[in-house]
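A.B. asks: Numbering (my numbering), first residue to last: 45 to 372.
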Ligand code: 5GP
Ligand code: MN
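1) Taking 8 Å as the threshold, find out whether the stretch 321-337 comes into contact with the stretch 140-154 through three or more Cβ pairs.
2) Write down the C-beta distance between residue 132 and residue 111 rounded to the nearest angstrom, noting that I regard them as a contact closer than 8 Å.
3) Quick check: what's the CA-CA separation for residue 181 versus residue 220?
4) Closest by CA to residue 323, which one among 76, 119, 268, 126?
5) Tell me whether the stretch 96-116 and the stretch 204-224 touch, counting them as touching only if at least three CB pairs, one residue from each stretch, are closer than 8 Å.
6) Hey, would you say residue 328 sits closer than 8 Å to residue 157, going by beta carbons?
7) What residue from 353, 282, 326 has the CA that sits closest to residue 369's CA?
8) Figure out for me which residue from 130, 141, 75, 50 has the closest Cα to the Cα of residue 186.
9) If you run the structure through DSSP and keep just helix, strand and coil, what is residue 307?
10) Our contact map puts residue 288 next to residue 252 with C-beta atoms below 8 Å; I'd like the distance itself, whole angstroms only.
11) Give me the residue from 64, 114, 119, 165 with the minimum Cα distance to residue 97.
12) For residue 200 and residue 192, I'd like the C-alpha separation in whole angstroms.
13) Just list the alpha helix (DSSP H) runs in the stretch 272-309, keeping only unbroken ones of 4 residues or longer that don't cross its boundaries, in chain order.
14) Is the beta carbon of residue 126 closer than 8 Å to that of residue 94?
15) Following the continuous alpha helix (DSSP H) through residue 63, name the residue where it begins and the one where it ends.
16) Could you please go through the chain and list the residues whose beta-carbon is closer than 6 Å to any non-hydrogen atom of ligand 2?
17) Among 211, 175, 197, 209, whose alpha-carbon lies nearest the alpha-carbon of residue 227?
18) Compute the Euclidean distance between the alpha carbons of residue 174 and residue 184, then round it to the nearest angstrom.
19) Write down every uninterrupted run of the beta strand (DSSP E) in the stretch 112-162 whose length is 3 residues or greater and which is fully enclosed by it, in chain order.
20) Exposed or buried, residue 319, counting other C-beta atoms within 10 Å across all chains shown (16 or more means buried)?
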């Protein structure tokens with residue numbers, strides 16, 4: 045597929061995270077260095093604490109793209125690569141744009157459960173802790189280890205670090221650490237990469253975090269299930285910037301007996317939901333069954349088009365049903 049020079053669009057999911065950006069940028073950089081024309085496109089803005097990632101300034105953000113560059117790049121593309129997402133619907137409005145190009149070959153590179161059909165080539169690895177790790181293997185397979193420059197190593201490392209919660213979540217295989225050793229060989233500065241993501245927030249974010257945990261964390265099932273919520277008004281009051289509430293949902297799981305956590309955040313026209321769980325509690329199934337979402341067994345997301353109070357009520361009922369079935 046890559047024998048001739050191609051025009052390639054690399055797309056990733058709404059609310060792009062470190063893995064979406066890092067894995068897309070690393071592949072883009074590698075393909076560009078071999079002569080292909082490559083653009084990375086994301087549906088909406090990414091958080092300010094990811095803006096230092098090398099190459100991120102070149103990403104086309106569809107929601108801010110007044111010149112319709114995303115439309116043009118996608119309509120001219122020979123290959124469309126979707127990275128770090130298992131369903132086209134995760135592109136939201138951008139999914140309509142890609143439907144208009146019916147000739148491009150479609151490739152999926154991902155690590156979520158239940159990948160959608162309809163791609164010409166699928167690299168789906170739900171047993172991989174990040175898409176960046178899958179991307180590392182694809183790059184090495186195509187171009188050899190010498191293709192991994194320090195910049196590419198930085199891009200891949202961000203994806204691996206953020207999706208593993210800095211090497212704390214599932215799928216921490218020996219093979220993952222061998223890849224990290226290869227990335228370290230390029231001279232990347234690991235503490236700086238950590239600080240760039242995790243010690244780069246605003247004061248507003250720190251205060252919002254305190255407020256949410258202190259005032260908005262509620263528990264169910266004798267403290268084994270939690271939920272947090274944030275309204276638009278509460279966000280405004282804390283000078284909210286995109287990305288400021290990422291990771292809050294993990295915090296209830298620092299409580300020893302906690303099995304499952306959810307975070308509801310009000311967006312324009314819907315409520316975005318994040319789910320996290322421990323061990324055998326499966327939030328991928330929970331998100332798919334009750335909130336039209338999905339993801340991984342211990343980290344998933346979904347949406348609700350009901351108002352906040354009703355959404356939370358539905359969550360409470362769903363948790364009770366899940367509990368009755370012995371699933372939490
Ligand atoms: P987060 O809570 O960090 O937004 O998402 C957790 C995980 O679930 C991520 O891997 C993300 O890609 C996935 N995810 C989030 N929202 C959705 C959704 O609406 N549908 C599906 N299928 N996956 C989602
Ligand atoms: Mn990912």
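Glycine included, every Cβ here is placed at the ideal spot set by N, Cα and C.
C.D. replies: Put simply:
1) The answer is no - the stretch 140-154 does not touch the stretch 321-337, with fewer than three Cβ pairs under 8 Å.
2) Going by Cβ atoms, the distance from residue 132 to residue 111 rounds to 24 Å, so no, they are not a contact pair.
3) About 11 Å.
4) Put simply, of 76, 119, 268, 126 the residue whose alpha carbon is nearest the alpha carbon of residue 323 is 268.
5) Touching, no.
6) Going by beta carbons, residue 328 and residue 157 fall inside the 8 Å limit.
7) Each of 353, 282, 326 was checked against the Cα of residue 369, and the nearest Cα belongs to 326.
8) Taking the Cα of residue 186 as reference, the smallest distance to any Cα among 130, 141, 75, 50 is reached at 75.
9) Strand at residue 307.
10) Residue 252 and residue 288 do touch by the CB rule: their CB atoms are close to 6 Å apart, below 8 Å.
11) Cα-wise, what sits closest to residue 97 is 64.
12) A direct Cα-Cα distance of roughly 9 Å separates residue 200 from residue 192.
13) 276-281, all fully within the stretch 272-309.
14) At a Cβ-Cβ threshold of 8 Å, residue 94 and residue 126 do not count as neighbours.
15) Bounds of the alpha helix (DSSP H) holding residue 63 are 62-77.
16) Ordered along the chain, residues surrounding ligand 2 are 63, 128, 155, 174, 175, 207 [Cβ under 6 Å from any heavy atom].
17) Closest option to residue 227, Cα to Cα, is 197.
18) Approximately 16 Å between the Cα atoms of the pair.
19) The stretch 112-162 contains, as complete beta strand (DSSP E) runs of 3+ residues, the segments 123-127, 149-154 (chain order).
20) Classification for residue 319: buried.
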